[in-house]
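Structure first, commentary second.
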Amino acid sequence: MAVFNSFKRSLSELRSIRCLTIVGVFIAIFVVLDGYFSIRIGDSLKINFAYLALAAIGMLFGPAVGMISGFACDLVGYFANPVGAFIPWFALITALEGLIYGLFLYDFMPNKFDRSKNAIQYFLQYGRIFAARIIVVVICNLLLNTFALYKCGFIGNTEEGFWAIVWARIGTNAAGLAIALVIMPAVLIPVRLAYSRFSAVNRAR
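FYI, my numbering numbers position 203 of the sequence shown as 745, with every residue one higher than the one before it.
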């Protein structure tokens, strides 16, 4: 029931010009980070921080908007910086990534609880960021992305080559996860607080 309500509220966000404008800005940030500030290692490994923009969308506007935005991010990113053929599987995986961020981070309020009075609730709030990223890395990056790369013929001409790529992806994703657990709170918390203040000012007018 809570998931259904999150989807319902998230879909209602699409009626807001503010939502559409902010989502458009974050999609542009995603495309720039993914296309021009990423480190490619062959055809199957890439390190970037574009996920921060998608996580911000899910946090601010929920799972439905996050899922739609994830698909849009991949589609717009392909046309802005095409590399090979467009593969819908990767767009669907990015949509799932946006959905996960929306499910975990919607209504994330870092200033809601006083750490000295309610330490458990305080740390659970921040734990949502870590849980979201860990699930995205395991399900989207390591499992689904690796499988999609394999089925599309990008990795694994031999069994030895396939497993070499798999272990390399585990290594890069583990390193990226360690970095993400540091920078995600540093980016998402100011975004959440700034958006809350902006919304409060608009309501007061």
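Don't be surprised by glycine CBs; every beta carbon is placed ideally from N, CA and C. The structure presented is a predicted model; accordingly, all values stated were derived computationally and were not measured.
First through last residue of the alpha helix (DSSP H) which encompasses Ser-558 = It is not in any alpha helix (DSSP H) - Ser-558 carries neither H nor E in the DSSP assignment.
For the segment 665-693, list the alpha helix (DSSP H) runs that are entirely contained and at least 4 residues long, ordered along the chain.
-> Runs found: 688-693.
Is the segment 622-633 touching the segment 665-673 in the sense that three or more CB pairs, one from each, lie closer than 8 Å?
-> They do not touch, by the three-pair rule.
Count the other CB atoms within 10 Å of the CB of Met-651; is the residue buried (16 or more) or exposed (fewer)?
-> By the 10 Å Cβ count, Met-651 comes out exposed.
Figure out for me which residue from Ser-552, Val-574, Phe-591 has the closest Cα to the Cα of Pro-757.
-> Outside the shown range of the chain (543 to 747) lies residue 757, about which nothing can therefore be said.
For Ile-712, collect the residues of the same chain with a Cβ closer than 7 Å to its Cβ; drop the 5 residues on either side in sequence, then sort them by chain order.
-> Cβ within range, chain order: Leu-684.
Distance between beta carbons of Gly-619 and Phe-572, contact taken as under 8 Å = Sure, about 7 Å apart at Cβ, within 8 Å.
Distance, Cα to Cα, Ser-741 vs Leu-641?
-> Roughly 23 Å separates the two Cα atoms.
Kindly provide the ranges of any beta strand (DSSP E) runs that are 3 or more residues long and lie completely inside the segment 574-624, ordered along the chain.
-> Counting only runs of 3 or more, we get 581-583, 587-589.
Run the CB neighbour count on Thr-563, radius 10 Å, all protein chains shown included, and call it buried at 16 or more, exposed below.
-> Answer is exposed; the Cβ neighbour count stays below 16.
How close, in whole Å, do the beta carbons of Ile-599 and Val-545 come, if the pair is a contact with beta carbons under 8 Å?
-> Going by Cβ atoms, the distance from Ile-599 to Val-545 rounds to 18 Å, so no, they are not a contact pair.
Hey, Cys-694 and Glu-639 are a contact pair by Cβ (cut 8 Å); roughly how many whole angstroms apart?
-> The Cβ separation is near 18 Å, so there is no contact.
How should Asn-547 be labelled, buried or exposed, when 16 other C-beta atoms within 10 angstroms of its C-beta is the threshold for buried?
-> It is exposed - the Cβ of Asn-547 has fewer than 16 other Cβ atoms within 10 Å.
Environment of Ala-720 [buried if 16+ CB atoms lie within 10 Å] = Exposed, because fewer than 16 other Cβ atoms sit within 10 Å of the Cβ of Ala-720.
Apart from the five residues just before and just after Arg-525, which ones in its own chain have a Cβ nearer than 8 Å to its Cβ?
-> The structure shown does not extend to residue 525, since the chain spans only 543 to 747, so no value can be given for it.
Option in Thr-636, Ala-633, Ile-676, Pro-630 with minimal Cα separation from Phe-646 = Of the candidates Thr-636, Ala-633, Ile-676, Pro-630, the one whose C-alpha sits nearest the C-alpha of Phe-646 is Ile-676.
Secondary structure at Phe-696, three-state DSSP: helix, strand or coil?
-> Phe-696: coil per DSSP, three-state reduction.
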